[in-house]
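Engineer: What follows is a single structure, and I will ask about it in a moment.
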Amino acid sequence: MRKGHALVGLAVLTTAVRGAAAQTPQLPLNTLNEVSAALRACWVPPPIDQSRAGMQITVQMSFRRNGELFGHPRITFESAGASDDERLAYRVAVAKMIKRCAPLPFSNALGNALAGRPFTIRLIDHRKLREAGNVP
Numbered sequence: 000m001r002k003g004h005a006l007v008g009l010a011v012l013t014t015a016v017r018g019a020a021a022q023t024p025q026l027p028l029n030t031l032n033e034v035s036a037a038l039r040a041c042w043v044p045p046p047i048d049q050s051r052a053g054m055q056i057t058v059q060m061s062f063r064r065n066g067e068l069f070g071h072p073r074i075t076f077e078s079a080g081a082s083d084d085e086r087l088a089y090r091v092a093v094a095k096m097i098k099r100c101a102p103l104p105f106s107n108a109l110g111n112a113l114a115g116r117p118f119t120i121r122l123i124d125h126r127k128l129r130e131a132g133n134v135p
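In numbering that gives the first Met the number 0, the protein residues as written are 0 to 135.
As structure tokens, this is what we get:
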């Protein structure tokens, strides 16, 4: 991927993450599995015409004790063979996921354990995209 596209992707990711969330989970989260499940519940893959079957994207982020995002999320992996436009569409979807969920309602114990530590989540688009013609 070209450096310019990476910078645009990070700028989109950072900008979309700012602001209050509308779909923050309500129950306190007590485990890392619950954090992953809450984030996945907020994830909406890109529209079919911008998607790629089996696309994988991994994002690393850190949280404060109160569940707010700490620093900037970082994309650490994207499926090989995806076009720059497809990658950008998935980066935007990840940014929207974080915006929808943040701040996460950590229990005191989880907040103390997770604060400032890297948290990584891998998202895979398992939708059947054959109809859209976006099959690798």
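Yeah, the Cβ is synthetic: ideal placement off N, Cα and C, and Gly gets one too.
Helix, strand or coil for residue 49 per DSSP?
Structural biologist: Stepping through the sequence shown from its first residue, residue 49 is reached at position 50. Looking at residue 49 - three-state DSSP - the assignment turns out to be helix.
Engineer: Which residue's Cα is closest to the Cα of residue 31: 112, 126, 127?
Structural biologist: Residue mapping note: residue 31 aligns to position 32 of the sequence shown, counting from 1. Here the closest residue by C-alpha is 112.
Engineer: Which residue from 116, 101, 105 puts its Cα closest to that of residue 42?
Structural biologist: Working through the sequence shown from its first residue, we reach residue 42 at position 43. Residue 101 is the option with its Cα nearest to residue 42.
Engineer: May I ask you to report which of helix, strand or coil DSSP gives residue 77?
Structural biologist: Along the sequence shown, read from residue 1 onward, the residue named residue 77 stands at position 78. The answer is strand: DSSP assigns residue 77 an E or B state.
Engineer: In angstroms with no decimal places, state the Cα-to-Cα distance between residue 21 and residue 37.
Structural biologist: Here residue 21 refers to the residue found at position 22 of the sequence shown. Here residue 37 refers to the residue found at position 38 of the sequence shown. In this predicted model, residue 21 has a pLDDT of only 46, less than 50, meaning its place in the structure is not dependable; the value taken from the coordinates is given anyway. Taking the straight line joining both Cα atoms gives about 13 Å.
Engineer: Straight-line CA distance for residue 123 to residue 107?
Structural biologist: Here residue 123 refers to the residue found at position 124 of the sequence shown. Here residue 107 refers to the residue found at position 108 of the sequence shown. Roughly 30 Å separates the two Cα atoms.
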